[in-house]
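Residue numbers (my numbering): 9 to 121.
For glycine and all other residues, C-beta sits at the position ideal for the given N, C-alpha and C.
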């Protein structure tokens, strides 16, 4: 598991207890004794009004074809979670180096770094 890879994983709901299986982008490789990763939520529901923390992933474009997502999706960079690597279920793909640089730029903005 490496930074920039996309997996199916159980991701926590933000407003209620529970988890949902969804695509996530890894922002870190596994860290610590419990092999946790920092991951970002990917949704196939693209909002009509995007937030500054959103990044649209269109798998039909060269920049995002390696994601192997089936539909246009949105990376919601304000939805971060630390999850155990044992709840990561299946590798889907990866994002390009250029796309990862876009993620980094948006994260700097979101986190005021």
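Quick one: residues in its chain with C-beta nearer than 6 Å to the C-beta of residue i, no 5 flanking neighbours on either side, listed in chain order?
i	result
residue 96	15 and 17
residue 82	51, 54, 62 and 64
May I ask whether a heavy atom of the ligand MG can be found less than 6 Å away from the beta carbon of residue i?
i	result
residue 82	In the structure shown, the ligand MG is absent, as is every other ligand, since no ligand is present at all.
Can you tell me which of the three DSSP states residue i falls into?
i	result
residue 109	helix
residue 120	coil
residue 95	helix
residue 100	strand
Going by beta carbon distance, what residues of the same chain come within less than 7 Å of residue i, once the five residues before and after it are set aside?
i	result
residue 107	71 and 72
Excluding the 5 residues flanking residue i on each side, which residues of the same chain have their C-beta closer than 8 Å to its C-beta?
i	result
residue 36	11, 45 and 46
residue 110	63
Check: Which residue spans inside the region 17 to 79 form an unbroken alpha helix (DSSP H) run of at least 4?
Finding: Counting only runs of 4 or more, we get nothing.
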